[in-house]
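Numbering (the working numbering), first residue to last: 230 to 646. From the three backbone atoms N, C-alpha and C, an ideal C-beta is built for every residue, glycine too. No experiment lies behind these values; they were computed from the predicted model shown. First the structure, in the form of structure tokens, and then the observations on it.
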């Protein structure tokens, strides 16, 4: 029984607005603001509850150890003595954006019939480059069954940012799919974060059929406008590709290749004269969860900002009224994550698998989310000012909060990872 499971990153107790990510317009715009980790985590939990009520399978990935003392030790320093910019990079809660945790190829797509996961190296941004050891430890625990193959990251300097630059289309989740790897070449003043050689390496490691694997360049225009990952301008699920007109460098060739390999594909393109790139990126219209409901219908889970952007709201209402392939639009409040540059899609890693093969500690229902919420309410800081991350009392509270969550969930193996 293969189903799509969304593994959401629980927003960690060190969530703050340090503005560490050039090219991520929201993160840099909100640098220095006061963050609210408790509210952020509860918003993420509410999103997971909404998914469960839609009939979707739901899992979690856990916050990493912050500050990352092992990473600082590798730089021959420690948190109390190091420079403020290294403190900020060591304290970042960016592992909450689970779409960057790994690239996932389900068993129907791979030569050995196993689900393959390759941890992203995230080498382009210093504050994210040290995430992969903690992510690898979690994935090897959650997916220890022989149904899975969990791979270490592609080596530097070939930047790989995981599922945020990867799409899969298929007639059904348990059917052989078409895997699409989107890479960048340039983007004006901003770095292109997905290297083509990283994408090729992941595809080879996952033993994908070359005839059913596409490599597509993201448009430089999109990167320059602030689409630092492909999932800011395009998302796919089942037979549906949902993309902005300016998402890809050569969309005609991509669409032709996609139709040749998956004739039943439904391409939903949003014209730039109806929704500009600026509006699409500011609202995170495409950084949404495109999901298949138990009824078989396709739904789009968007942030509140999409409903509040007039051009985006008008397009969504017209599409649903016009009997397009996206039949339902659900709205969620993830404002704390959005202010740091991550929408509903950033917060989740999709894995098509049999739930029985997954460590049950990483799967959730309403009762388990109640348990997580109780820890968050008791232990997560209510607020973190940008200039407070060096406060020893705050550091102690952050470390204690994460430890309380791992102990409550029975995942003590991860306390030092």
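Put simply, of 383, 340 and 380 the residue whose alpha carbon is nearest the alpha carbon of residue 405 is 340.
Per DSSP, residue 579 is one residue of the beta strand (DSSP E) stretching across 577-582. For residue 249, the three-state secondary structure derived from DSSP is coil. Of the candidates 268, 284 and 290, the residue whose Cα lies closest to the Cα of residue 640 is 290. In the DSSP annotation of this structure, residue 375 is not part of any alpha helix (DSSP H), being labelled neither H nor E. For the pair residue 300 and residue 238, the CB atoms are not nearer than the 8 angstroms cut-off. Between residue 441 and residue 249, the alpha-carbon positions lie close to 36 angstroms from each other.
From the listed residues 466, 435, 400 and 482, the smallest Cα separation to residue 447 is found for 482.
Per DSSP, the unbroken beta strand (DSSP E) holding residue 396 starts and ends at 395-399. Beta-carbon to beta-carbon, residue 462 and residue 509 are separated by about 6 angstroms, close enough to satisfy the 8 angstroms threshold. Counting along the chain, the unbroken beta strand (DSSP E) around residue 521 starts and ends at 518-521. Contiguous alpha helix (DSSP H) elements confined to the segment 281-351 occur at 298-303 and 313-320, taking only those with 4 or more residues. As computed with DSSP, residue 592 is found in a beta bridge with 288. With respect to residue 244, residue 322 sits close: the two C-beta atoms are nearer than 8 angstroms.
In the same chain as residue 423, and ignoring 5 residues on each side of it, the C-beta atoms closer than 7 angstroms to its own belong to 388, 389, 390, 394, 411, 412 and 413, in chain order.
Residue pairing by DSSP places residue 437 opposite 339 in a beta bridge. Looking at the DSSP output, residue 500 shares a beta bridge with no other residue. For residue 385, same chain residues with a beta-carbon under 6 angstroms away, outside a window of 5 residues either side, are 352 in chain order.
If you draw a straight line from the Cα of residue 383 to the Cα of residue 335, it is about 19 angstroms long. Annotated as distal: residue 235 and residue 564, with beta-carbon spacing of 8 angstroms or more. Assignment of residue 402 by DSSP, reduced to helix, strand and coil, places it in the coil class. Assigned with DSSP and collapsed to three states, residue 461 falls in helix. DSSP places residue 447 within a strand segment (E or B) once states are collapsed to three.
With a cutoff of 8 angstroms on beta-carbon distance, residue 247 and residue 292 are scored as not near each other. Residue 429 and residue 338 have their alpha carbons spaced roughly 15 angstroms apart. In this structure, the beta-carbon distance from residue 522 to residue 284 falls below 8 angstroms.
With 16 or more other CB atoms across the displayed protein chains lying within 10 angstroms of its CB, residue 397 is buried. Residue 495 places its beta carbon less than 8 angstroms from that of residue 469. Bounds of the beta strand (DSSP E) holding residue 556 are 555-561. Proximity of the segment 256-267 to the segment 603-612 meets the contact definition, three or more beta-carbon pairs being nearer than 8 angstroms. At a Cβ-Cβ threshold of 8 angstroms, residue 255 and residue 562 do not count as neighbours.
Taken through DSSP and simplified to helix, strand or coil, residue 475 comes out as coil.
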